[in-house]
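Heads up, the thing below is written out as structure tokens.
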Amino acid sequence: MSPGISISFVIPVCNEEATIATLSEKIRGVMFQERVSKYEIIFVDDGSVDHSWFHIKDLIHQYPTQIKGIKLRRNFGKSAALFAGFKKAKGSVIFTIDADLQDDPSEVPKFLNKLEQGFDLVSGWRQNRNDPISKTLPSQVYNKVTAKIAGIPLHDFNCGFKAYRKEVLDCIKLYGELHRYIPVLAHSLGFRVGEVGVCHFRRQYGKSKYGWERYSRGFIDLLTVLVITRYLYKPGHLFGKIGLFFGLLGSGIIIYLVILWFLGLGPIGNRPLLFFGILSTILSVQLISLGVLAELLTRYSHSDCVEQQVAEVVDENLQYH
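Residue numbers (the UniProt record's numbering): 1 to 321.
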């Protein structure tokens, strides 16, 4: 472990009053064991309706130098809670871990060792997940599809136990349900993404905050991430490809109908296919025009994103004799 390392733990909390104190104690125990003196634990209360915020304030009173708290005005979701914590975090390495005690803080050294191998983001992999099959089976399908589409060989995108170098999170803005796609966003910016196996315990307190609807939202967000990562700086390619497809389709339909008309195989003016061909051609022109406008906008905003792409700057004043 690098000497002088500083660590921040960002923990989103939503109705987890039974586990907050225990989780804090476990994290402090690991930090003492690993001889890490520079660390902070940031609890983000995401609109809890139980006594979670009371317990957080009590911990802050007991350990004012290690524990910090953020209370959101209402439940904004995990991405918003994490983003609020990331903005407050001061550590060079930032951990995220769920507050339900299903992940074991004693595995923090695994993540740190992986980071020292040159990785910028390390994601946990719950190899033996202790959740009902109604959660594990859809999650397996979801993870395989996401890994295939995103091109990142991770097994568990949904695991909340992750470690980041601070510069990774400085380049990413979270909203919606994008927290599970941070590895995809980081990979698109050139950061190295790794994975370590972690233990996973059965939930003892409270209940899960997610149901089947999370997967439908997740796949919609996956489409958003793919657009962001692949076409952010070349939107004309996205709209152009779709527009070209509809243009070829519409042109093909119209040419086919014109041939039928010349061969005398009946009138074409009352055929629904003619209207579909005309609409496809119009849609093609609109999409290509939209792509050109998007490229013009990107041209003037591209300079704002350069800092996210720079890994290192070397400026040597060479003297020639």
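Ideal Cβ placement from N, Cα and C applies to all residues, glycine included.
Bear in mind the structure is a predicted one, so any value in this text is a computation, not a measurement.
{"Check": "Proximity of Phe-86 and Leu-169 at Cβ, strictly below 7 angstroms", "Outcome": "yes"}
{"Check": "Cβ contact check for the segment 128-136 and the segment 48-55: 3 or more pairs under 8 angstroms", "Outcome": "no"}
{"Check": "Cα-Cα separation between Gly-240 and Leu-290, rounded to whole angstroms", "Outcome": "9 angstroms"}
{"Check": "Bridge partners - Ala-99, DSSP secondary structure assignment", "Outcome": "BP columns for Ala-99 are empty, so no partner."}
{"Check": "Contacting residues, own chain, Cβ-Cβ under 7 angstroms from Ser-24 (five flanking each side not counted)", "Outcome": "Ile-41, Leu-59, Ile-67"}
{"Check": "Neighbourhood of Asn-75 by C-beta, 6 angstroms cutoff - its chain only, sequence neighbours within 5 removed", "Outcome": "Asp-46, Gly-47"}
{"Check": "Cα-Cα separation, Ser-188 to Thr-229", "Outcome": "6 angstroms"}
{"Check": "Pairwise C-alpha distance: Ile-282 and Lys-78", "Outcome": "41 angstroms"}
{"Check": "Distance between beta carbons of Gly-160 and Asp-103, contact taken as under 8 angstroms", "Outcome": "7 angstroms"}
{"Check": "Pick from Gly-190, His-200, Phe-43, Gln-204 that is closest to Tyr-63, judged by C-alpha positions", "Outcome": "Phe-43"}
{"Check": "Residues bridged to Tyr-164 (per DSSP)", "Outcome": "Ile-94, Leu-121"}
{"Check": "Contact between the segment 86-95 and the segment 149-159 (3+ Cβ pairs under 8 angstroms)", "Outcome": "no"}
{"Check": "Status (buried if at least 16 other CB within 10 Å, exposed otherwise) for Pro-272", "Outcome": "exposed"}
{"Check": "Residue environment, Leu-222, which counts as buried when at least 16 other CB atoms sit within 10 Å", "Outcome": "buried"}
{"Check": "For Pro-272, the three-state DSSP class (helix, strand or coil)", "Outcome": "helix"}
{"Check": "Sheet register partners of Lys-68 (DSSP bridge)", "Outcome": "Ile-42"}
{"Check": "Three-state class that DSSP yields for Ser-79 in the structure shown", "Outcome": "helix"}
{"Check": "Spatial neighbours of Lys-173 in its chain, beta-carbon cut-off 8 angstroms, leaving aside the 5 residues before and after", "Outcome": "Phe-83"}
{"Check": "Per-residue DSSP class, three states only, for Val-227", "Outcome": "helix"}
{"Check": "Cβ neighbour criterion (16 or more within 10 Å) applied to Glu-195", "Outcome": "buried"}
{"Check": "Cβ neighbours of Arg-180 in the same chain (closer than 6 angstroms, five flanking residues each side left out)", "Outcome": "Phe-157, Asn-158"}
{"Check": "C-alpha gap between Ala-163 and Arg-35, whole angstroms", "Outcome": "18 angstroms"}
{"Check": "Backbone CA spacing between Cys-199 and Leu-238 [nearest angstrom]", "Outcome": "41 angstroms"}
{"Check": "Neighbourhood of Gln-286 by C-beta, 7 angstroms cutoff - its chain only, sequence neighbours within 5 removed", "Outcome": "none"}
{"Check": "Backbone CA spacing between Ala-147 and Ser-139 [nearest angstrom]", "Outcome": "12 angstroms"}
{"Check": "First through last residue of the alpha helix (DSSP H) which encompasses Pro-138", "Outcome": "133-150"}
{"Check": "Per-residue DSSP class, three states only, for Ser-6", "Outcome": "strand"}
{"Check": "Residue environment, Arg-165, which counts as buried when at least 16 other CB atoms sit within 10 Å", "Outcome": "buried"}
{"Check": "Candidates Thr-298, Lys-114, Glu-17, Leu-293, of which the one nearest Gly-197 by Cα", "Outcome": "Lys-114"}
{"Check": "Neighbourhood of Gln-127 by C-beta distance below 7 angstroms, restricted to the same chain and skipping five residues each side", "Outcome": "Gly-197"}
{"Check": "Buried or exposed by the 16-neighbour rule on C-beta atoms within 10 Å, applied to Thr-96", "Outcome": "buried"}
{"Check": "C-beta contact flag for Gln-22 and Ala-99 at 7 angstroms", "Outcome": "Contrary to the premise, residue 22 reads as Thr rather than Gln in this sequence. Cβ distance not < 7 angstroms, so Thr-22 and Ala-99 don't count as in contact."}
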